[in-house]
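S.K.: Got a structure for you, written out below as structure tokens; questions coming shortly.
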Amino acid sequence: MKITVKDGTEIYYKDWGTGQPIVFHHGWPLSGDDWDAQMMFFLEKGYRVIAHDRRGHGRSSQGSIGHDMNTYAADVAELTEFLDLRNAIHIGHSTGGGEVIRYAAKYGKDRVAKAVLVSAVTPIMLQSDSNPEGVPIAVLDGIRVETATNRPQFFQDFTIPFYGYNREGAKISRGIRDNWWRQGMMGGVKAHYDGIKAFSEFDFTEDLKSVDIPVLVLHGEDDQVVPFPISGAKSVKLLKNGKLISYPGFPHGMPTTEAATINADILAFIQS
Numbered sequence: 001m002k003i004t005v006k007d008g009t010e011i012y013y014k015d016w017g018t019g020q021p022i023v024f025h026h027g028w029p030l031s032g033d034d035w036d037a038q039m040m041f042f043l044e045k046g047y048r049v050i051a052h053d054r055r056g057h058g059r060s061s062q063g064s065i066g067h068d069m070n071t072y073a074a075d076v077a078e079l080t081e082f083l084d085l086r087n088a089i090h091i092g093h094s095t096g097g098g099e100v101i102r103y104a105a106k107y108g109k110d111r112v113a114k115a116v117l118v119s120a121v122t123p124i125m126l127q128s129d130s131n132p133e134g135v136p137i138a139v140l141d142g143i144r145v146e147t148a149t150n151r152p153q154f155f156q157d158f159t160i161p162f163y164g165y166n167r168e169g170a171k172i173s174r175g176i177r178d179n180w181w182r183q184g185m186m187g188g189v190k191a192h193y194d195g196i197k198a199f200s201e202f203d204f205t206e207d208l209k210s211v212d213i214p215v216l217v218l219h220g221e222d223d224q225v226v227p228f229p230i231s232g233a234k235s236v237k238l239l240k241n242g243k244l245i246s247y248p249g250f251p252h253g254m255p256t257t258e259a260a261t262i263n264a265d266i267l268a269f270i271q272s
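In structure tokens, the structure reads:
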């Protein structure tokens with residue numbers, strides 16, 4: 001299913017089941033399909049589960065504009081209004097975690113009950129004088145160059161640190177790697193290129209401080225993409241009503257590789 005938002009972009013979404021709605025926000029450069037393990041689990045638990053493909057990603061339009069965090073959040077606002085979602089749980093992974101907290105802070109009043117930030121890019125990734133522990137711009141520029149000029153091979157290679165498959169004893173799944181690549185290559189290179197700035201340079205500090213809803217922060221301590229000390233560890237300190245669970249040894253892509261643990265902890269938070 002698709003909706004057309006104000007600037008003419010088509011946003012693809014899946015909407016299954018009935019009950020309290022749970023909205024899933026995927027990471028860069030993927031699609032709503034990255035939530036398969038969660039969509040099936042929570043559907044069977046009696047929830048209504050919704051996942052969209054961010055503009056330029058997956059099955060949504062591949063336009064050249066709007067690949068920034070404010071537009072991402074505005075697109076979510078249009079989708080939630082169209083579906084008239086209230087008392088919703090919003091769950092975001094990586095870039096999607098930033099999208100969740102931006103949406104909740106700017107548009108979510110009277111619509112969002114709780115939020116979950118999984119391996120999220122919040123509060124800000126980019127290294128600066130005020131964020132000296134952050135990721136250097138040279139690293140992000142390297143990702144930009146590889147995305148623009150070498151995307152098929154770069155996306156293959158990126159799955160290794162994403163899932164911690166470079167760690168001793170890791171059980172590597174070819175299917176998981178192929179599925180990541182499939183999702184990535186469905187999206188548009190312009191959206192993926194612009195999205196690097198969106199996920200790394202947007203400062204979510206005030207958004208985190210402003211929300212009153214309960215927020216669960218989940219982060220792997222061995223996250224090689226969004227390091228735990230600069231993200232989950234900082235985010236929970238900014239929240240008024242935050243709870244942190246960190247996982248020794250878990251990778252960035254833990255919703256897939258560690259789905260049983262992540263799903264159980266999210267369910268307990270929703271039901272609490």
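Residue numbers are given in the UniProt record's numbering: position 109 of the sequence shown equals residue 109, and the series is strictly consecutive.
Glycine included, C-beta positions come from ideal geometry on N, C-alpha and C.
#1: Please state the DSSP three-state secondary structure of V225.
#2: Hey, would you say S31 sits closer than 8 Å to D53, going by beta carbons?
#3: Per DSSP, I266 forms a beta bridge with which residues?
#4: Per the DSSP calculation, S246 is bridged to which residue(s)?
#5: Grab the span of the alpha helix (DSSP H) containing E10 for me, first residue to last.
#6: Given a cut-off of 8 Å on the beta-carbon distance, is the pair G249 and E221 in contact?
#7: Would V112 and H93 be called neighbours here (beta carbons separated by less than 8 Å)?
#8: So what does T4 bridge to, in DSSP terms?
#9: Could you tell me whether the Cβ atoms of V121 and G98 are closer together than 8 Å?
#10: Within its chain, find whatever has a CB closer than 7 Å to the CB of V135; leave out the 5 residues flanking it on each side and keep chain order.
#11: Does the distance from the CB of S235 to the CB of P132 come in under 8 Å?
#12: Compare the Cα-Cα distances from M1 to each of S60, M254 and Q271 and report the closest residue.
#13: E146 to M186, Cα distance in whole Å?
#14: Under the three-state reduction of DSSP, which class applies to P21: helix, strand or coil?
#15: Between K243 and V217, how many whole angstroms is the CB-CB distance? I'm expecting something under 8 Å.
#16: Taking the Cβ atom as the reference point for each residue, do Q20 and N70 lie within a distance shorter than 8 Å?
#17: For the putative contact between D33 and Q183, defined by C-beta atoms under 8 Å, what is the C-beta separation to the nearest angstrom?
#18: Measure the C-alpha to C-alpha separation of L239 and V49 and round it to an integer number of angstroms.
#19: Mind checking whether Q224 and G169 have CB atoms under 8 Å apart?
#20: Please classify E44 as buried or exposed, where buried requires at least 16 neighbouring CB atoms within 10 angstroms.
#21: Under 8 Å between the Cβ atoms of V189 and A148?
#22: Given a cut-off of 8 Å, decide if G96 and G195 are closer than it, judged by their beta-carbon atoms.
#23: Use the C-beta contact count for S130: other C-beta atoms within 10 angstroms, 16 or more gives buried, fewer gives exposed.
#24: Give the C-beta separation of A105 and D203 to the nearest angstrom, bearing in mind that I take them to be a contact with Cβ-Cβ under 8 Å.
#25: Taking the alpha-carbon of L85 as reference, which of A191, G232, Y47 and K197 has the nearest alpha-carbon?
#26: Would you check if the distance between the CB atom of D75 and the CB atom of I11 is smaller than 8 Å?
#27: Can you tell me which residues form a DSSP beta bridge with L117?
#28: Considering only residues of the region 166 to 205, which uninterrupted alpha helix (DSSP H) runs meet the minimum length of 4 residues and lie entirely inside it, listed in chain order?
M.R.: Working from what's here:
#1: Within the sequence shown, numbered from 1, the residue matching residue 225 stands at position 225. Reduced to three states, the DSSP call for V225 is coil.
#2: Within the sequence shown, residue 31 is the residue found at index 31, counting from 1. Within the sequence shown, residue 53 is the residue found at index 53, counting from 1. Yes, these two residues count as a Cβ contact at 8 Å.
#3: Mapped onto the sequence shown, residue 266 falls at position 266. None; I266 has no bridge partner.
#4: Position 246 of the sequence shown holds residue 246. BP columns for S246 point to H219.
#5: As a first step, residue 10 is located in the sequence shown; it is residue number 10 there, counting from the start. Taken as a continuous stretch (DSSP letters only), E10 belongs to no alpha helix (DSSP H), being part of the beta strand (DSSP E) at E10 to W16.
#6: Within the sequence shown, residue 249 is the residue found at index 249, counting from 1. Within the sequence shown, residue 221 is the residue found at index 221, counting from 1. Yes, Cβ-Cβ distance for G249 and E221 is below 8 Å.
#7: Position 112 of the sequence shown, counting from 1, holds the residue named residue 112. Position 93 of the sequence shown, counting from 1, holds the residue named residue 93. No. Outside cutoff.
#8: Locating residue 4 in the sequence shown gives position 4, where the first residue counts as 1. DSSP, once it has assigned bridges, lists E10 as partnering T4.
#9: In the sequence shown, residue 121 corresponds to position 121, counting from 1. In the sequence shown, residue 98 corresponds to position 98, counting from 1. Contact: yes.
#10: Numbered from its first residue, the sequence shown carries residue 135 at position 135. M125, L126, Q127 and S200, listed in sequence order.
#11: In the sequence shown, residue 235 corresponds to position 235, counting from 1. In the sequence shown, residue 132 corresponds to position 132, counting from 1. Cβ distance not < 8 Å, so S235 and P132 don't count as in contact.
#12: Mapped onto the sequence shown, residue 1 falls at position 1. Selected option, being the one with the closest Cα: S60.
#13: Indexing the sequence shown from 1 puts residue 146 at position 146. Indexing the sequence shown from 1 puts residue 186 at position 186. Cα-Cα distance, rounded: 17 Å.
#14: Indexing the sequence shown from 1 puts residue 21 at position 21. Three-state result, P21: strand.
#15: Your numbering for residue 243 matches position 243 in the sequence shown. Your numbering for residue 217 matches position 217 in the sequence shown. Correct: roughly 7 Å between the Cβ atoms.
#16: Within the sequence shown, the letter at position 20 stands for residue 20. Within the sequence shown, the letter at position 70 stands for residue 70. The answer is no: Cβ separation not under 8 Å.
#17: To locate residue 33, count along the sequence shown from 1; it is residue 33. To locate residue 183, count along the sequence shown from 1; it is residue 183. Correct: roughly 6 Å between the Cβ atoms.
#18: Here residue 239 refers to the residue found at position 239 when the sequence shown is read from its first residue. Here residue 49 refers to the residue found at position 49 when the sequence shown is read from its first residue. Cα to Cα, L239 sits roughly 25 Å from V49.
#19: Here residue 224 is taken as the residue at index 224 of the sequence shown, counted from 1. Here residue 169 is taken as the residue at index 169 of the sequence shown, counted from 1. Going by C-beta atoms, Q224 is not nearer than 8 Å to G169.
#20: For the purposes of this step, residue 44 is taken as the residue at position 44 of the sequence shown. E44 should be labelled exposed.
#21: Here residue 189 refers to the residue found at position 189 when the sequence shown is read from its first residue. Here residue 148 refers to the residue found at position 148 when the sequence shown is read from its first residue. Yes, they are a contact pair.
#22: The residue you call residue 195 lines up with position 195 of the sequence shown. The residue you call residue 96 lines up with position 96 of the sequence shown. No; because the gap between Cβ atoms is not below 8 Å, this pair is not in contact.
#23: Position 130 of the sequence shown holds residue 130. Looking at its Cβ environment, which holds fewer than 16 other Cβ atoms inside 10 Å, S130 is exposed.
#24: By one-based count along the sequence shown, residue 105 stands at place 105. By one-based count along the sequence shown, residue 203 stands at place 203. The Cβ separation is near 12 Å, so there is no contact.
#25: Taking the sequence shown and counting its residues from 1, one reaches residue 85 at position 85. Here the closest residue by C-alpha is Y47.
#26: The residue you call residue 75 lines up with position 75 of the sequence shown. The residue you call residue 11 lines up with position 11 of the sequence shown. Result yes, Cβ atoms of D75 and I11 sit closer than 8 Å.
#27: In the sequence shown, the residue the question calls residue 117 occupies position 117. Looking at the DSSP assignment, L117 forms a beta bridge with G92 and V217.
#28: 174 to 186 and 189 to 201
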